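Take the sequence shown: its position 352, counting from 1, is numbered 351 in numbering that gives the first Met the number 0, and each next residue is one higher. A virtual CB, placed ideally from N, CA and C, is assigned to each residue, including glycine. Small disclaimer: the values here were computed from a predicted structure and weren't measured. Take a look at the structure set out below.
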Amino acid sequence: MSMTPQDETTAGDEAGGIVGELDLHLIAEGRHENLWDVLGAHPAPEGTAFAVWAPHAAGVSVIGDFNGWDPATSPLQRAGESGVWQGWVPGAEPGEKYKFSITTAAGERLEKADPLARQAEPAPNTASIIAAPSEHTWGDAEWMATRPEASSPTANQPMSIYEVHLGSWRKGLSYRELAVELTEYVRAKHFTHVELMGLSEHPFEPSWGYQVTSYYAPNNRFGSPDDLRFLIDSLHQAGIGVIMDWVPGHFPKDAWALGKFDGQACYEHPDPRRGEQPDWGTYVFDFGRNEVRNFLIANALYWCQEFHIDGLRVDAVASMLYLDYSRDEWLPNIHGGRENLEAVAFLQQMNEAVHRLHPGVVTIAEESTSWPSVTSPEGLGFTYKWNMGWMHDSLEYVQRDPIHRSHHHNEITFSMEYAYSENYVLPISHDEVVHGKGTLWSRMPASSAWDRAAMVRAFLAYMWVHPGKKLLFQGQEFGQVAEWNESTGLNWDDLEGWEGEYHRGISALVSRLNELYTGCPALADDHSPEGFQWIANDDSKNNVLSFVRRHRGQQLICVTNFSGSAYHDYRIGLPAPGTWREVLNTDWPQFEGANLAATAAGAAEAKALDSKVRDVDLLAEPIASHGFSYSAVLTVPPHSSRWFLANS
């Protein structure tokens, strides 16, 4: 469409804007999949076209740097009965600040940020900015071409996600500085993806970014939209995917943003029993309104199209699915139930649109209930779901004193009862390292740093070998001691000096776990029961569990000891004869372990040459054990995990 008002062939151009009859029809039906191309601010050589949806307004004008913030200078025209207002403002240029001045039906004048603004002032300022057309030249064609075949759960490709809060990973870095430092760090750690918190503009800087005020504007604290494109491009060229936190469930009540946008409920449900979320003091989107669904679905598509985002982690899905979620008073649905049918339809429509228009983009649900078929095309249609049950049970287990774990062995084994009911991501996320919960390091019930580090290493190895994609929040990859504080940043000093040796060991282990996870076909099959077999899940007395992972003709066994005791001559069944090569032992010296297995086998000094792997292979004996025809004995160090690959 033309960006100037000369063409008189559409209703949009007659109104001095760019929104045509077809656009208005699609918006009314909730089906405009390029909404950002027609609403918002669109600069051209002689000025800027503006358009905004404000269905209850008596009048709308644009105020900004270009007209002295005078509400009488640049009025917009109503486009029929669509609720859209649009117009052309000569002389308005990219980089200038603006808002919409809205006269309500009651005669009150409101000043509102543009819901479709593609750039916004950093807090505490609240104006929108006319965004210049992107000048970024993408260099990630190879990544984008191969992404579709690698991202499907059926492709059995590894996904190891590093969750990052940009404002606190390393304080003070811009998008372009992060393009160097974050890319190098994530590549060195062998993560396959990053998940970025707080990408959408939000008003409170030291926050998690979950109260979004400008859904189409990237967080301006770290640079321009093109600077963000540069960061994502750099990650892609390094072979790293980018997932963003996306918050379509609720939005804040700031007077200058979406709430009561034209004096009445527009984006939120008009009944507070559905339109407000008491837990967070926010409004809830009216998922049954076509224009609101369109705003959100187009926003998901916008990030995929304009920023090459590879995935959307959808926040707080449970709060969207249930009408009685954290509410004393609530309205049932048309069938008398508690399910939010409009939200269900929205999530289905969003997932369908994203997967249809952007093959290879994954959608991940943070959903904490037993809602069925979250990752089924016949259900909600997500690609993956966070496995909150695994997270809760496994953390409860490792927080217990080892002498008490034997009475709660089911907490560490029960997850396999439902591991294939959905396509799961195993999350150790930001939620688990705040509000007094501690960190992986501080949760471990140990009196010495050595034991604490060993427990963290054993847990991480168990997580990486367990079926499911992986997500680890920043700082946990080196066992940060203190809880995460979004205002202060990570404590990288934990890695320094002689006291940092155990943290350096955890960091080295995570690198090795990711190397094995991305390099061993046996670990790739996360989504079919054929890829997993228990060896022993009932050794609660010793706090030991063992199992087989298999895929594409490769077999790997894992033996994990969650007790403080070492077990010598511990026999396990083996699914095949021959030699089993040790590929990981969390007790190895390069992870700051004691190398007990090598010492017990008469190998070299336990602490010799940190860089050398002291592996002790297993030779299968024709002795039946655990239902297998072959077995072997091994040493299982305390708080450890040992992995062995069958020699082909």
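CA nearest to the CA of residue i, picked from the options
i	options	result
A523	K469, A445, A457 and R503	K469
H135	P202, T102 and E305	E305
S545	Q554, R551, N560 and G90	N560
V373	Y419, N484 and P123	Y419
N332	Y321, R326 and S446	Y321
V455	P121, G488 and D586	D586
T212	A256, L177, V193 and G222	A256
R511	G626, E476 and T487	E476
G552	T412, L633 and A645	A645
F643	P528, A521 and A623	A521
L165	L227, A130 and S127	L227
N172	V343, G222 and G563	Here residue 172 is Leu; the residue named in the question, Asn, does not match the sequence. When each option's Cα is compared against that of L172, the closest is G222.
I62	D270, H403 and K111	K111
L633	P588, L573 and Q589	L573
V558	R570, G248 and R549	R570
I17	V59, F472 and Q76	Q76
Y214	E495, N293, P371 and D392	N293
N484	A619, H406, K540 and E204	E204
Beta-bridge partners of residue i, as assigned by DSSP
i	result
G39	A50
N33	N33 pairs with nothing; no bridge assigned.
V558	S545 and R641
A631	I571
D244	R312
A364	V313 and K384
L425	K469
G63	Y97
K436	BP columns for K436 are empty, so no partner.
M196	H164
N584	R641
S624	F627
H249	V283
I128	K96
Range covered by the beta strand (DSSP E) that runs through residue i
i	result
A187	No beta strand (DSSP E) holds A187; the alpha helix (DSSP H) holding it covers Y174 to K188.
W533	F531 to D538
T598	T598 -> not in any beta strand (DSSP E); alpha helix (DSSP H) instead, spanning L595 to A599.
P89	V83 to P89
A216	S213 to P217
T145	It is not in any beta strand (DSSP E) - T145 instead sits in the alpha helix (DSSP H) that spans A140 to S150.
V283	T281 to V283
R108	R108 to K111
Residue range of the unbroken alpha helix (DSSP H) whose run includes residue i
i	result
F260	First-last for F260: undefined, no H or E at that position.
E351	L340 to L356
Y417	From DSSP, Y417 is part of no alpha helix (DSSP H); its letter is neither H nor E.
L459	A448 to V464
Span separating the alpha-carbon of residue i from that of residue j
i	j	result
M2	D285	At M2 the pLDDT is 37, less than 50, meaning the model places this residue with poor confidence and gives no usable figure here.
P444	N155	36 Å
Y629	A352	51 Å
H189	Y516	9 Å
N218	H201	7 Å
G138	R186	18 Å
P123	A254	13 Å
A237	Y161	15 Å
H357	W52	26 Å
D525	P466	5 Å
H638	N422	29 Å
I411	D261	52 Å
Y209	D244	8 Å
E148	W142	11 Å
P132	G67	24 Å
A315	H429	14 Å
E591	Y501	6 Å
A575	A623	11 Å
A607	G359	Below a pLDDT of 50, predicted positions are generally treated as unreliable, and A607, at 43, falls in that range; the measurement from the model is reported next regardless. Cα to Cα, the separation comes out at about 46 Å.
E20	L295	21 Å
Exposure label - residue i; buried when at least 16 CB within 10 Å
i	result
T368	exposed
P641	The displayed chain sequence assigns Arg, not Pro, to residue 641. Under this definition R641 is a buried residue.
T281	buried
T362	buried
W497	exposed
L425	buried
P636	buried
Y566	buried
L330	exposed
A104	exposed
A71	exposed
Chain D within 8 Å of residue i, Cβ atoms only
i	result
V246	Checking the listed chains, one finds no chain D in this structure; it contains a single protein chain.
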